[in-house]
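All remarks here apply to the structure that follows.
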Amino acid sequence: MRVRALAALTATALAATALAALPPGGTARAAGTPGDQPLPGYTIQNPPLAPVQVHGAPSRVMQGVHRHAAYDIEVPPHWNGRLAMYAHGYAGQGKVLTVGPPPFGLRQRLLDQGYAWAASSYYDNGYDVRAGVTGTRDLADLFAAKVGRPRQRIILGASMGGHIIGRSIEQYPGYYAGALPMCGVLGDDALFDYFLDYNLVAQDLSGVREYPVTAAYQTTTVPKIEQALGLTGLTPGGPDTANARGGQFRSIMIGRTGGPRPGAEQAFAYWKDFPFTLATPSTPGATLAEYPGQIATNLFTRYAPDRPVEVNRTVQRVRAANPAARLSHRLSQVPLISGRPNVPVLTLHGLGDMFVPFSMEEVYAAETARNHRSGLLVQRAIRTAEHCEFSAAEAGAAWDDLVRWVDTGRRPAGDVTTRPSVVARPDYGCRFSDPAAYAAGTGTRRLFPACP
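Just so you know, the sequence shown maps onto residues -20 to -1, 1 to 432 in mature numbering (1 follows the signal peptide of the UniProt record, and there is no 0).
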């Protein structure tokens, strides 16, 4: 089946190659639009950003619009000549462009250390990684013109910003000196495969099928699926209401999001409803940014466990609707990351995140290993379940360690992500998780057992 499916996928890709060769989403719309204005249909919301005190003196803030994207730039009173570029995550499908400073206490930390920072709204919303890659680079060049050419650039970001980072350091080798992707989509199309898996496997095990989904999927079909699997009343910390098929579904999704690991069952209960909301009816003519699910497929996916239901035999198999985009190595709205970092990369990822799951780290680690680049990658697991849930201590330590690595060449410590037996250990993720955040019971920390 794999050979036949691959042949069909390749044939379809060759027939649709023209789709992958389309120019950037904003190019056609930009004709006649001044660069200091958003593209037609968009508005900008970027209220004044108040300066902060840096060692007793105010920072200097600059805001504006460049190449159809809003930007913020902040420079400390005593700039050290270094620049941090912040890449934000997915901002939804709306038509209002927004921008803001680095989160997790990093704004003040960067300025206190003498770093300037800059962030772009990108010219487009949706899942448009290309807009983030080019917009962040454009803003870094604008910074050089407005403030001065930095002697070093480090790129950091979160969620979709991690996808932007992973592609940016490959798209522009040597332009950035280091990278800090947090909760990042470093597995590129594997994320959208997982969203597809979640819905197709749930449908198969429940016996309630609806793919492609309709407008009634969320309100009518999903409640039937959850009831059939015993998931309706499942809550973190509550009784296990899943029946045999619901338990199989949970085990399969734990496997697809990083494998058995501390807090996985509680994280599944926390996230169980959300992935269903990511299955939406397709819109004819939608761009990749508007409907990234068109690159998803499960043709080659093997699900485990395969009992009590032989899911690999019974599950619906779906080809990628846009195979050309999936197979292309061009800088598209949802581009591939090849796993070829050329600078130090330090990552943070929530162990129980099932929106952008921990498996993204495993995919990226495996790819860098195949390309003999593992020496440039350090990964850290944080015992949280919410998406991008990091304390200032966790993010700050990661930033400081990355900077030290860039400056001295001394590779910092990290977690192993590609050995299932290690990831499954009861104390996995304890090494770099903030004990003070656990003690305070913030966020989802208490979904995990206390670290020894």
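We treat Cβ as the ideally placed atom computed from N, Cα and C, and that holds for glycine.
Using C-beta distances below 6 Å, list every residue in its chain close to Val403, excluding the 5 sequence neighbours before and after it, in chain order.
Same-chain partners within the cutoff: Gly239, Arg241.
Hey, how far is the Cα of Gln183 from the Cα of Ile205?
Distance between the alpha carbons of Gln183 and Ile205 is about 6 Å.
Measure from the alpha carbon of Leu211 to the alpha carbon of each residue in Asp253, Arg236, Gly187, then state which is nearest.
If we check each option's Cα against that of Leu211, Asp253 comes out closest.
When burial is assigned at 16 or more other CB atoms within 10 Å of the CB, is Pro324 buried or exposed?
Classification for Pro324: buried.
Where does the unbroken beta strand (DSSP E) through Glu341 begin, and where does it stop?
Here Glu341 belongs to no beta strand (DSSP E); instead the alpha helix (DSSP H) covers 339 to 350.
Given Ala(-3), which residues of its chain have a CB within under 7 Å of its CB, disregarding the five upstream and five downstream residues?
Because Ala(-3) carries a pLDDT of 32, less than 50, the predicted location of this residue cannot be relied on, and the following value inherits that uncertainty. There are no such residues.
At which residues does the alpha helix (DSSP H) containing Ala120 begin and terminate?
Segment 109 to 126, the alpha helix (DSSP H) holding Ala120.
Going by other Cβ atoms of all chains shown within 10 Å of its Cβ, with 16 needed for buried, is Ala111 buried or exposed?
The residue is buried, with at least 16 neighbouring Cβ atoms inside 10 Å.
How would you write the range of the alpha helix (DSSP H) that Ala99 sits in, first residue to last?
Element bounds for Ala99: not the alpha helix (DSSP H) but the beta strand (DSSP E), 96 to 100.
For Pro432, I'd like the list of residues in its chain whose CB is within less than 6 Å of its CB, leaving aside the five on either flank, ordered along the chain.
For Pro432, where only same-chain residues beyond five positions count, the Cβ hits under 6 Å are Asp407.
Quick check: Phe335 and Ala361, are their CB atoms within less than 8 Å of each other?
Not closer than 8 Å, so no.
Going by DSSP, name the residue or residues bridged to Tyr66.
According to DSSP, Tyr66 bridges with Ala99, Leu136.
Quick one: residues in its chain with C-beta nearer than 7 Å to the C-beta of Tyr70, no 5 flanking neighbours on either side, listed in chain order?
Excluding positions up to five away in sequence, the list reads Tyr107, Ser139, Met140.
Answer yes or no: do Ala276 and Phe172 have a C-beta to C-beta separation smaller than 8 Å?
Closer than 8 Å, so yes.
Let me make sure I understand the geometry here. Which of Ile234, Ala247, Gly213 has the alpha-carbon closest to that of Pro400?
Measuring from the Cα of Pro400, the nearest candidate turns out to be Ile234.
Under three-state DSSP, which class holds residue 433?
Residue 433 is absent from the model: the chain starts at -20 and stops at 432.
On the premise that Leu136 lies in contact with Leu160, defined as a C-beta separation below 8 Å, what is that separation, rounded to the nearest angstrom?
Sure, about 4 Å apart at Cβ, within 8 Å.
Classify Pro81 as buried or exposed, calling it buried when 16 or more other Cβ atoms lie within 10 Å of its own Cβ.
Classification of Pro81: buried, given that the 10 Å Cβ count is 16 or more.
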